[in-house]
Ligand code: CTP
Ligand code: CA
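Residue numbers (UniProt numbering): 177 to 403.
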């Protein structure tokens, strides 16, 4: 059943939550990033804390204040995030990857500001794929640990979501349709479809990110009980 708000369903559990959009630096004054506000991840960190977990929030830069009682680990790039997650995951019971991770990073970062010169009428950026953190985690995950991902999709939500769940060895995926203007990246509301490894799906109503986060944490607690 649904956990009542404030019930200590995660007491004694250690949960890592990642949040925000990673930044991939081009030079000392420029970076590539995405539209993530960090709100969903911060809401999950808060809900997990409310449920009694010891929470580590690994966060890219956001405009948000971290929930009280949560250990904050600030990061910038996908490489930073990967290092921070892989270092802490072995001691955690669960990982919730709400961060919007850059898929590509500049092949090189300039030490000095990139200058305009009479010779460069165009600038071609060469990007390389970032490490897939959840796939790295899948390689070291123990049977007693729970991993939960988010999926941002603009089409074929369920089919794409199911592929992601399997390829990242997740226990749960919260898929959301980022083509919708009323939910997702920057708003206060969200609507997700929870996808499980057995193929079952469950769409939440459109609700505040706090309510979606509580629903996710309730599922996390149930998954940890079953492990
Ligand atoms: N993720 C990750 N490492 C990456 C990219 C994404 O761990 N390098 C995580 C995200 O934090 C999220 C999940 O994987 O929990 C799905 O992210 P998403 O961007 O939807 O999927 P991708 O695997 O990056 O595939 P694509 O963007 O091409 O759909
Ligand atoms: Ca991606």
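The beta carbon of each residue, even a glycine, is placed where N, CA and C say it ideally should be.
Computed from a predicted model, the values in this text were never measured in an experiment.
Three-state secondary structure (DSSP) at residue i?
| i | result |
| --- | --- |
| residue 248 | strand |
| residue 320 | coil |
| residue 214 | coil |
| residue 383 | strand |
| residue 209 | coil |
| residue 188 | coil |
| residue 220 | helix |
| residue 394 | helix |
| residue 201 | strand |
Buried or exposed for residue i, going by 16 or more other Cβ atoms inside 10 Å?
| i | result |
| --- | --- |
| residue 335 | exposed |
| residue 347 | buried |
| residue 205 | exposed |
| residue 379 | exposed |
| residue 184 | exposed |
| residue 239 | exposed |
| residue 356 | exposed |
| residue 394 | buried |
| residue 343 | exposed |
| residue 283 | exposed |
| residue 338 | buried |
| residue 401 | exposed |
| residue 199 | buried |
| residue 349 | buried |
Since residue i contacts residue j with CB under 8 Å, what's their CB separation in whole angstroms?
| i | j | result |
| --- | --- | --- |
| residue 268 | residue 191 | 7 Å |
| residue 237 | residue 196 | 6 Å |
| residue 369 | residue 351 | 5 Å |
Complete runs of the alpha helix (DSSP H) confined to the segment 238–308 [at least 4 residues] = 254–264
Every unbroken beta strand (DSSP E) inside the segment 320–362 [3 residues or more] = 322–329 and 348–353
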